[in-house]
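Contents: one structure, followed by commentary.
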Amino acid sequence: MTSPHLAVLKSSYEIAATLFKHGADVNAIYLKLSIAAKRGNVQLLKLLLEKCGDINVVTDSDYTPLQLAAQFGHYEIAKTLFCECNTGDKIKASHIATFNGYKRIVELSVKEGVNVNATCASDKNVLELHFAALAGYTEIINFLIANGCDINVIGKYDDED
1 MTSPHLAVLK SSYEIAATLF KHGADVNAIY LKLSIAAKRG NVQLLKLLLE
51 KCGDINVVTD SDYTPLQLAA QFGHYEIAKT LFCECNTGDK IKASHIATFN
101 GYKRIVELSV KEGVNVNATC ASDKNVLELH FAALAGYTEI INFLIANGCD
151 INVIGKYDDE D
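All the letters of the sequence shown, read from the start, carry residue numbers 1 to 161 under the working numbering.
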C-alpha cells in the first residue's frame with residue numbers, strides 16, 4: 001500500500017495533497033477515487049479528480065465511484081461525479097440509490113437526465129420502480145411515477161418461480 005492510498009483510507013485531504021505536491025504517484029493504486037467516494041469525502045475526491053481524473057475505474061466488486069456514492073447515500077459525491085460519468089453508470093447508480101432509499105440521489109439522477117424507465121443489463125431489465133417497490137420506498141415510488149415511470153412494465157427478477 002502506498003502513502004497516498006493510506007491518506008485516502010484515512011480520509012485525509014491535507015496528507016494526500018502534501019504527498020501529491022511532492023510527486024507521489026496518484027495512479028499507483030487505482031481504487032483511491034472509489035475509496036474517497038465510498039467514504040463521502042468531497043474535498044479529497046475533488047483533489048483526486050484533479051490529479052488522475054479516471055472516474056470510471058471499477059472496483060473488484062464491479063462498482064464505479066458514482067455507484068459507491070449512490071450505495072452509501074453520499075449526495076455531494078454523486079453530484080460531483082454525475083456530470084462526468086457515462087449513461088450506463090448513471091442508470092446503475094440511480095438504481096442502486098433507489099434500492100437503498102436515497103431519494104435525493106434518485107432526484108439528482110432524474111434532474112441530470114436519467115430516464116426513469118431505463119434498465120441496465122446487470123439489473124436484469126428491472127426498472128427503478130421495481131427496486132423501490134421491493135424495498136418499500138413509497139416516496140421514491142411516488143417520485144418515479146410523477147416523473148413518467150411506466151407502472152406496468154414487467155421486469156425479469158431472479159427470485160421469480
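All residues carry an ideal CB built from backbone N, CA and C; glycine is no exception. Just so it is clear, the structure is predicted and the values come from calculations on it, not from any experiment.
- Only residues of its own chain outside the window of five on either side were considered, and among them Leu33, Leu49, Thr64, Pro65, Leu66, Leu81, Glu84 and Cys85 have a CB closer than 8 Å to the CB of Ile55, listed in chain order.
- Secondary structure note for Leu45: its alpha helix (DSSP H) is the uninterrupted segment Val42 to Lys51.
- In the structure shown, the three-state DSSP call for Thr98 is helix.
- For Leu108 and Lys38, the gap between their C-alpha atoms comes out near 18 Å.
- Approximately 20 Å separates the beta-carbon atoms of Gly73 and Cys120; this is outside 8 Å, ruling out the contact.
- Here DSSP, grouped into helix, strand and coil, assigns Val106 to helix.
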